[in-house]
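Each residue of the sequence shown is one higher than the one before, starting from 21 at the first, in the working numbering.
We put the beta carbon where it would ideally sit given N, CA and C, even for glycine.
Given the structure is predicted, the values throughout are model-derived calculations rather than measurements.
First the structure, in the form of structure tokens, and then the observations on it.
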Amino acid sequence: MGKQGVSTQSGPAVVVIGDGVAGAGTAFALARRGAAVTIVDAGLPGRATDAGAGIVQPWSTNAGGDFYELYAGGADFYPELIARLAEAGVHDIGYRRSGALIVNRDAAVIDEVEARVRVRAAASRTAGEVRRVTDVEARELFPPLAAGLDGLHVAGGARVDGRALRAGLLDAAAALGATHLDATAALDADRVLTAGGEPLAADAIVVAAGAWTDRVLRPLGVRVRVEPQRGQLVHLRVDADTRAWPSVHPVAPHYLVPFDAGRIVVGATRETGSGFDARETAAGVRQVLADALAVAPGLADATLVETRVGLRPLPDGDLPTAGPVEDRPGLYVNTGFGAGGLTMGPLIGDLLAERILAEMS
Ligand SMILES: Cc1cc2nc3c(=O)[nH]c(=O)nc-3n(C[C@H](O)[C@H](O)[C@H](O)COP(=O)(O)OP(=O)(O)OC[C@H]3O[C@@H](n4cnc5c(N)ncnc54)[C@H](O)[C@@H]3O)c2cc1C
């Protein structure tokens, strides 16, 4: 992006470190409330937002509690986000509610998922109709699927293009006066912020550096329990109109997510302990393809377009860390979205922006 414009905003000066969905979402939300925002990003390999599959379908998860509330709230926030982006001149983030299809060979597994999805969908603004589908209907919805799968269709299941979402949030923030610096940000023990060696003045700092957040904060003696978890996924292309195909969820950690123009994203590995190693590996690609072809053997002849690798900011526990740093006035953190940041990130960025500006007024 690299926009070096001068902020036209008159509110407090806020520097956001990191421009993945967490930083870009916070920056946009701050800029639309009048803050003078500077976004600094180092362009590190393994940015999770660039790799994310883009599923926005929280209702079938077996996670509950506060995590589920944020996850489901994030999905329901999307229509509002899209309207706000449009006001700032951004009209496409690759979001579409083309449905989600939860499948399994064991009907009892689908019975159990159906029970929780029906209750949750009834409380959601975006989940839409939920219906049981036969094996034949499932293959009409997603033709490459294996035979013999029982299914549950959630009409409002959505997907978003993580790269388009990030670009849209940054473009909208820029349209509202935010400045973007391509630089590595560093905090020292006196909490002086530099970007590429240049000091930056700020009334508030938001560290939204994904899996790197703990590294950025460590010179201050502040620890955030987040570690990189590598995820690899593969983009395939089929010769079909995939725009209306639902995402497929086999009640397992892997999935298939159709986009436009025949693109189908299949993934993903969850490599806890990977460290900051953002390589694609032979074993990772083999696992992703084996899982995908087991549930959708009709993809065997698809073109392999590319592999993407991202480092998820894996929290220690379920919940993200989004809020002020104790005893450090003006310093905030926004990270720990794990496997759900494309769903939750924009909402949590918005809530955090509101809080920061309320605390500074
Ligand atoms: C394979 C995969 C599949 C996924 N699928 C989904 C999905 O289907 N649905 C869903 O909701 N979520 C999904 N996710 C999760 C989601 O992508 C992440 O939770 C989210 O993108 C994290 O965003 P972030 O902004 O916290 O981190 P990132 O996107 O990693 O951004 C962090 C940024 O900080 C910058 N940075 C770091 N240190 C510094 C520094 N010192 N100075 C300046 N900049 C710095 C980096 O350059 C980077 O751009 C997936 C993730 C992966 C990897």
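DSSP places TYR115 in no alpha helix (DSSP H); its state is neither H nor E. About 7 Å separates the beta carbon of LEU339 from that of GLY356, a gap short enough to meet the 8 Å contact definition. A Cβ-Cβ separation of about 6 Å places ARG52 in contact with LEU196 under the 8 Å criterion. Listed in chain order, the non-local C-beta contacts of VAL244 below 7 Å within the same chain comprise THR233, ASP234, LEU237, THR341, VAL353, THR355, local neighbours out to five positions each way being set aside. Nearest Cα to TRP79 within the set SER144, ILE59, GLY216, SER267: SER144. For ligand 1, no non-hydrogen atom lies closer than 8 Å to the CB of ALA56. Taking 8 Å as the upper bound for CB-CB distance, VAL150 and ARG159 are not in contact here, some 19 Å apart. Contact between ALA203 and GLY216 holds, since their C-beta atoms are separated by about 3 Å, short of 8 Å. Taking the Cβ of ILE75 as the reference point, at least one heavy atom of ligand 1 falls within a distance shorter than 8 Å.
Note that the segment 28-40 touches the segment 53-60; at least 3 beta-carbon pairs, one per stretch, sit closer than 8 Å. Residue pairing by DSSP puts ALA178 in a beta bridge opposite VAL76. For PRO333, the enclosing beta strand (DSSP E) starts and ends at 323-335. For LEU220, the enclosing beta strand (DSSP E) begins and ends at 218-220. Note on the segment 76-111: whole alpha helix (DSSP H) runs with a minimum of 4 residues are 85-107, in chain order.
Within its own chain, the residues whose Cβ lies closer than 6 Å to the Cβ of PRO278, once the five positions on either side in sequence are excluded, are THR262, TRP265, ILE284, listed in chain order.
Cα atoms of VAL76 and LEU362: separation of roughly 7 Å, rounded to the nearest angstrom. For the pair ALA95 and ALA209, the Cα-to-Cα distance works out to about 38 Å.
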